[in-house]
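Remarks on the structure that follows.
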Amino acid sequence: MEEINRKWGLQCLYGKAWQAKEYAESLVFGSLEESFQLLPSYFHMLERENPNTISCVATDGEQRFKYCFWVFGSCIRGFSAVMRPVVIIDATHMKGRFKGILFVALFKDANEQIYPLAFGIGHVEDEESWSWFLNQLCRAIGCSENAMFIFYQYFGIKNAVEKVFKDAHHSLCNYHLGKNVKNRFKREDVAKIFTMAANCYRVTDFNRHMNQLKQLCKPAYDSLMRLGPERWARARSPVRQYKLMTSNTEECINSCLRHARKMPITVLIECIRGMFQCWFHDWHNEALNLTMPLNP
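Here the sequence shown is numbered in UniProt numbering, starting from 1 and rising by one per residue.
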(Lines of atoms letter the chains of each structure in order from A; the text may use other names.)
(Lines give C-alpha, C1' and ligand atoms only; values in the text may rest on other atoms or scores of the structure.)
Protein backbone atom coordinates (compact mmCIF):
# COMPACT_ATOMS: atom_id res chain seq x y z
CA MET A 1 0.00 0.00 0.00
CA GLU A 2 2.82 2.40 0.89
CA GLU A 3 4.72 1.46 -2.26
CA ILE A 4 1.67 2.10 -4.47
CA ASN A 5 1.19 5.46 -2.81
CA ARG A 6 4.86 6.35 -3.16
CA LYS A 7 5.24 5.29 -6.81
CA TRP A 8 1.92 6.34 -8.30
CA GLY A 9 0.31 8.53 -5.68
CA LEU A 10 -2.71 6.20 -5.36
CA GLN A 11 -4.58 5.51 -2.14
CA CYS A 12 -5.31 1.77 -1.89
CA LEU A 13 -7.77 0.51 0.71
CA TYR A 14 -6.62 -2.35 2.95
CA GLY A 15 -9.42 -4.67 1.81
CA LYS A 16 -8.61 -4.16 -1.86
CA ALA A 17 -4.89 -4.68 -1.23
CA TRP A 18 -5.66 -7.93 0.60
CA GLN A 19 -7.82 -9.21 -2.27
CA ALA A 20 -5.10 -8.34 -4.77
CA LYS A 21 -2.53 -10.21 -2.67
CA GLU A 22 -4.74 -13.32 -2.47
CA TYR A 23 -5.40 -13.17 -6.21
CA ALA A 24 -1.68 -12.92 -6.98
CA GLU A 25 -0.90 -15.86 -4.68
CA SER A 26 -3.61 -17.97 -6.37
CA LEU A 27 -2.01 -17.23 -9.76
CA VAL A 28 1.41 -18.32 -8.52
CA PHE A 29 0.54 -21.24 -6.20
CA GLY A 30 -2.97 -22.23 -7.27
CA SER A 31 -6.10 -22.19 -5.13
CA LEU A 32 -6.37 -23.86 -1.73
CA GLU A 33 -9.13 -26.18 -2.95
CA GLU A 34 -7.10 -27.27 -5.99
CA SER A 35 -4.11 -27.99 -3.77
CA PHE A 36 -6.11 -30.49 -1.69
CA GLN A 37 -7.29 -32.22 -4.89
CA LEU A 38 -3.68 -32.52 -6.11
CA LEU A 39 -2.37 -33.96 -2.83
CA PRO A 40 -2.66 -37.72 -3.72
CA SER A 41 -0.92 -37.09 -7.06
CA TYR A 42 1.78 -35.03 -5.37
CA PHE A 43 2.46 -37.79 -2.83
CA HIS A 44 2.61 -40.37 -5.65
CA MET A 45 5.34 -38.37 -7.42
CA LEU A 46 7.10 -37.71 -4.11
CA GLU A 47 7.36 -41.44 -3.40
CA ARG A 48 8.46 -42.19 -6.97
CA GLU A 49 11.27 -39.61 -6.98
CA ASN A 50 12.41 -40.17 -3.38
CA PRO A 51 13.03 -43.89 -2.68
CA ASN A 52 11.53 -45.33 0.54
CA THR A 53 9.43 -42.22 1.17
CA ILE A 54 6.15 -43.06 2.94
CA SER A 55 2.98 -40.98 2.64
CA CYS A 56 -0.69 -41.43 3.44
CA VAL A 57 -3.94 -39.46 3.00
CA ALA A 58 -7.12 -40.15 5.00
CA THR A 59 -10.60 -38.84 4.19
CA ASP A 60 -13.92 -38.84 6.00
CA GLY A 61 -17.17 -40.53 4.95
CA GLU A 62 -17.88 -37.79 2.41
CA GLN A 63 -14.42 -38.14 0.82
CA ARG A 64 -13.24 -34.84 2.29
CA PHE A 65 -9.67 -34.39 3.49
CA LYS A 66 -9.10 -35.37 7.12
CA TYR A 67 -5.42 -36.26 7.68
CA CYS A 68 -2.20 -36.69 5.78
CA PHE A 69 1.24 -38.00 6.77
CA TRP A 70 4.64 -38.12 5.09
CA VAL A 71 8.20 -39.05 5.96
CA PHE A 72 11.09 -38.82 3.48
CA GLY A 73 13.15 -41.91 2.77
CA SER A 74 16.41 -40.12 3.56
CA CYS A 75 15.08 -39.20 7.02
CA ILE A 76 14.15 -42.82 7.72
CA ARG A 77 17.61 -44.01 6.67
CA GLY A 78 19.31 -41.42 8.86
CA PHE A 79 17.14 -42.29 11.85
CA SER A 80 17.75 -46.02 11.46
CA ALA A 81 21.52 -45.63 11.05
CA VAL A 82 22.78 -42.96 13.46
CA MET A 83 20.06 -41.07 15.35
CA ARG A 84 19.68 -41.25 19.11
CA PRO A 85 16.29 -42.86 19.96
CA VAL A 86 14.79 -39.71 21.53
CA VAL A 87 11.74 -38.46 19.60
CA ILE A 88 10.34 -34.96 20.14
CA ILE A 89 6.72 -34.58 19.05
CA ASP A 90 4.62 -31.44 18.96
CA ALA A 91 2.10 -29.58 16.81
CA THR A 92 1.57 -26.07 15.50
CA HIS A 93 -1.33 -24.24 13.88
CA MET A 94 -1.69 -23.63 10.15
CA LYS A 95 -2.42 -20.06 9.07
CA GLY A 96 -4.36 -20.51 5.83
CA ARG A 97 -8.07 -20.03 5.26
CA PHE A 98 -8.82 -23.67 6.14
CA LYS A 99 -6.62 -23.59 9.29
CA GLY A 100 -5.64 -27.04 10.56
CA ILE A 101 -2.78 -28.50 12.60
CA LEU A 102 0.76 -29.42 11.51
CA PHE A 103 2.16 -32.40 13.46
CA VAL A 104 5.93 -32.76 13.74
CA ALA A 105 8.28 -35.51 14.93
CA LEU A 106 11.99 -34.70 15.08
CA PHE A 107 15.34 -35.55 16.67
CA LYS A 108 18.69 -33.94 17.33
CA ASP A 109 21.75 -35.36 15.61
CA ALA A 110 25.16 -35.89 17.20
CA ASN A 111 26.12 -32.33 16.24
CA GLU A 112 23.11 -30.97 18.22
CA GLN A 113 21.39 -29.91 15.00
CA ILE A 114 17.68 -30.40 14.33
CA TYR A 115 16.95 -33.57 12.37
CA PRO A 116 13.27 -33.54 11.28
CA LEU A 117 11.71 -36.93 10.72
CA ALA A 118 7.98 -36.96 9.97
CA PHE A 119 5.13 -34.52 9.42
CA GLY A 120 1.38 -34.76 9.39
CA ILE A 121 -1.57 -32.43 8.85
CA GLY A 122 -4.98 -32.72 10.48
CA HIS A 123 -8.10 -30.64 10.85
CA VAL A 124 -7.93 -30.44 14.66
CA GLU A 125 -5.60 -31.38 17.52
CA ASP A 126 -7.24 -34.06 19.64
CA GLU A 127 -6.57 -37.60 20.81
CA GLU A 128 -7.97 -39.13 17.61
CA SER A 129 -5.74 -37.07 15.30
CA TRP A 130 -2.66 -37.66 17.46
CA SER A 131 -3.38 -41.41 17.48
CA TRP A 132 -3.65 -41.45 13.70
CA PHE A 133 -0.37 -39.53 13.26
CA LEU A 134 1.52 -41.69 15.78
CA ASN A 135 0.21 -44.90 14.23
CA GLN A 136 1.59 -43.79 10.87
CA LEU A 137 4.89 -42.86 12.55
CA CYS A 138 5.09 -46.27 14.20
CA ARG A 139 4.42 -47.95 10.86
CA ALA A 140 7.25 -45.95 9.27
CA ILE A 141 10.02 -46.22 11.89
CA GLY A 142 8.90 -48.92 14.33
CA CYS A 143 9.68 -48.56 18.04
CA SER A 144 12.69 -49.85 19.93
CA GLU A 145 12.49 -50.71 23.63
CA ASN A 146 14.93 -47.96 24.64
CA ALA A 147 13.15 -45.22 22.69
CA MET A 148 11.91 -42.14 24.51
CA PHE A 149 9.21 -39.66 23.49
CA ILE A 150 9.26 -36.08 24.75
CA PHE A 151 6.07 -34.04 24.51
CA TYR A 152 4.05 -31.30 26.13
CA GLN A 153 1.60 -32.40 28.82
CA TYR A 154 -1.52 -32.10 26.66
CA PHE A 155 -4.26 -34.62 27.45
CA GLY A 156 -4.80 -35.82 23.87
CA ILE A 157 -1.15 -36.38 23.01
CA LYS A 158 -0.44 -38.10 26.34
CA ASN A 159 -3.15 -40.71 25.83
CA ALA A 160 -2.21 -41.24 22.18
CA VAL A 161 1.49 -41.79 22.90
CA GLU A 162 0.75 -44.24 25.72
CA LYS A 163 -1.64 -46.13 23.46
CA VAL A 164 0.54 -46.39 20.34
CA PHE A 165 4.07 -46.61 21.79
CA LYS A 166 3.40 -48.79 24.83
CA ASP A 167 6.97 -50.11 25.17
CA ALA A 168 8.68 -46.70 24.87
CA HIS A 169 9.44 -44.33 27.73
CA HIS A 170 7.27 -41.21 27.85
CA SER A 171 8.91 -38.02 29.09
CA LEU A 172 7.40 -34.58 29.73
CA CYS A 173 8.91 -31.38 28.38
CA ASN A 174 10.81 -29.78 31.29
CA TYR A 175 10.44 -26.28 29.88
CA HIS A 176 6.64 -26.36 29.76
CA LEU A 177 6.43 -28.22 33.07
CA GLY A 178 8.65 -25.60 34.74
CA LYS A 179 6.46 -22.80 33.36
CA ASN A 180 3.35 -24.55 34.70
CA VAL A 181 4.95 -24.87 38.17
CA LYS A 182 5.90 -21.20 38.16
CA ASN A 183 2.46 -20.02 36.99
CA ARG A 184 0.54 -22.28 39.37
CA PHE A 185 2.45 -21.58 42.57
CA LYS A 186 3.61 -18.01 41.76
CA ARG A 187 7.06 -18.57 43.24
CA GLU A 188 10.41 -18.11 41.52
CA ASP A 189 12.28 -20.16 44.11
CA VAL A 190 10.00 -23.18 43.61
CA ALA A 191 10.54 -23.12 39.83
CA LYS A 192 14.30 -22.77 40.33
CA ILE A 193 14.50 -25.79 42.64
CA PHE A 194 12.38 -27.82 40.21
CA THR A 195 14.84 -27.00 37.39
CA MET A 196 17.81 -28.08 39.52
CA ALA A 197 16.07 -31.32 40.51
CA ALA A 198 15.12 -32.09 36.91
CA ASN A 199 18.58 -31.47 35.45
CA CYS A 200 20.88 -33.08 38.06
CA TYR A 201 22.57 -36.37 37.18
CA ARG A 202 22.78 -38.17 40.55
CA VAL A 203 19.88 -39.57 42.56
CA THR A 204 21.38 -38.19 45.80
CA ASP A 205 21.34 -34.66 44.35
CA PHE A 206 17.78 -35.18 43.11
CA ASN A 207 16.60 -36.30 46.55
CA ARG A 208 18.32 -33.33 48.20
CA HIS A 209 16.60 -30.83 45.89
CA MET A 210 13.21 -32.51 46.28
CA ASN A 211 13.50 -32.53 50.09
CA GLN A 212 14.25 -28.83 49.91
CA LEU A 213 11.20 -28.33 47.69
CA LYS A 214 9.04 -30.36 50.09
CA GLN A 215 9.97 -28.08 52.98
CA LEU A 216 9.52 -24.96 50.89
CA CYS A 217 6.22 -25.77 49.12
CA LYS A 218 4.66 -29.17 49.79
CA PRO A 219 1.78 -28.78 47.26
CA ALA A 220 4.36 -28.30 44.48
CA TYR A 221 6.31 -31.33 45.71
CA ASP A 222 3.16 -33.49 45.81
CA SER A 223 2.10 -32.35 42.33
CA LEU A 224 5.45 -33.21 40.77
CA MET A 225 5.68 -36.58 42.53
CA ARG A 226 2.20 -37.51 41.28
CA LEU A 227 3.40 -36.94 37.70
CA GLY A 228 6.21 -39.42 38.31
CA PRO A 229 9.85 -38.28 38.62
CA GLU A 230 10.87 -40.83 35.98
CA ARG A 231 8.95 -38.73 33.43
CA TRP A 232 10.73 -35.42 34.03
CA ALA A 233 13.90 -35.96 36.11
CA ARG A 234 17.16 -36.90 34.41
CA ALA A 235 18.47 -38.81 37.46
CA ARG A 236 15.32 -40.96 37.69
CA SER A 237 14.91 -41.71 33.97
CA PRO A 238 14.93 -45.48 33.23
CA VAL A 239 16.47 -44.87 29.76
CA ARG A 240 19.14 -42.58 28.36
CA GLN A 241 17.99 -39.04 27.63
CA TYR A 242 21.10 -37.84 25.79
CA LYS A 243 20.76 -34.35 27.32
CA LEU A 244 17.39 -33.89 25.56
CA MET A 245 14.86 -32.69 28.14
CA THR A 246 12.51 -30.32 26.29
CA SER A 247 10.36 -30.15 23.14
CA ASN A 248 11.45 -26.56 22.39
CA THR A 249 13.40 -27.76 19.35
CA GLU A 250 10.07 -27.94 17.53
CA GLU A 251 9.72 -24.16 17.87
CA CYS A 252 12.67 -23.77 15.47
CA ILE A 253 10.74 -25.68 12.79
CA ASN A 254 7.71 -23.44 13.43
CA SER A 255 9.90 -20.39 12.88
CA CYS A 256 11.37 -21.78 9.64
CA LEU A 257 7.86 -22.46 8.32
CA ARG A 258 6.13 -19.32 9.59
CA HIS A 259 5.39 -18.11 6.03
CA ALA A 260 4.85 -21.53 4.46
CA ARG A 261 2.15 -22.46 7.02
CA LYS A 262 -0.31 -20.10 5.32
CA MET A 263 0.32 -21.52 1.83
CA PRO A 264 -1.72 -24.23 0.03
CA ILE A 265 -1.04 -27.70 1.39
CA THR A 266 1.08 -29.00 -1.52
CA VAL A 267 3.12 -25.78 -1.52
CA LEU A 268 3.75 -26.21 2.22
CA ILE A 269 4.98 -29.78 1.73
CA GLU A 270 7.17 -28.69 -1.18
CA CYS A 271 8.66 -25.92 1.01
CA ILE A 272 9.49 -28.52 3.66
CA ARG A 273 11.04 -30.81 1.03
CA GLY A 274 13.16 -27.97 -0.35
CA MET A 275 14.26 -26.93 3.14
CA PHE A 276 15.31 -30.51 3.93
CA GLN A 277 17.20 -30.81 0.66
CA CYS A 278 19.20 -27.63 1.41
CA TRP A 279 19.93 -28.75 4.98
CA PHE A 280 21.06 -32.25 4.00
CA HIS A 281 23.19 -30.91 1.13
CA ASP A 282 24.97 -28.45 3.42
CA TRP A 283 25.48 -31.05 6.16
CA HIS A 284 26.85 -33.54 3.63
CA ASN A 285 29.39 -31.03 2.31
CA GLU A 286 30.35 -30.07 5.85
CA ALA A 287 30.89 -33.73 6.76
CA LEU A 288 33.08 -34.29 3.70
CA ASN A 289 35.35 -31.42 4.76
CA LEU A 290 35.96 -32.75 8.28
CA THR A 291 39.56 -33.73 8.99
CA MET A 292 38.91 -35.66 12.20
CA PRO A 293 36.62 -38.60 13.07
CA LEU A 294 34.66 -36.62 15.68
CA ASN A 295 31.95 -34.11 14.83
CA PRO A 296 32.45 -30.42 15.80
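From the three backbone atoms N, C-alpha and C, an ideal C-beta is built for every residue, glycine too. Note that the structure is predicted; figures quoted are calculated from it, not measured.
Excluding sequence positions up to five away, which residues of its chain have a Cβ less than 7 Å from the Cβ of P238? H169 and E230
Can you give me the C-alpha to C-alpha distance between S80 and A160, rounded to a whole angstrom? 23 Å
Got a sec, what are the start and stop residues for the alpha helix (DSSP H) Y221 sits in? K218 to L227
Going residue by residue through the UniProt domain "MULE transposase" (86–180), where are the continuous alpha helix (DSSP H) segments of at least 4 residues, counting only ones entirely within it? 127–141 and 155–164
Using beta-carbon positions only, say whether G156 and W130 come within less than 8 Å of one another. yes
Is it buried or exposed, E125, if we count other Cβ atoms within 10 angstroms and call 16 or more buried? buried
Proximity test, A118 beta-carbon vs the ligand PLP heavy atom, cut-off 7 Å: Absent from the structure shown: the ligand PLP. Ligands present: none.
How about Y152 and S223: are their beta carbons less than 8 Å apart? no
Among the residues of its own chain, which have a CB less than 8 Å from the CB of Y115, if the five just before and after it don't count? C75, G78, F79, M83, L106, F107, K108 and D109
Element boundaries [beta strand (DSSP E), containing K66]: F65 to V71
Per DSSP, cross-strand counterpart(s) of E193: It is Ile, not Glu, that sits at residue 193 in the sequence shown. The partner list for I193 (beta bridge, DSSP) is empty, contrary to what the question assumes.
Cutoff 6 Å; reference L290; Cβ partners in own chain excluding five residues on either side: none
Alpha carbon of R236 to alpha carbon of R208, nearest angstrom: 13 Å
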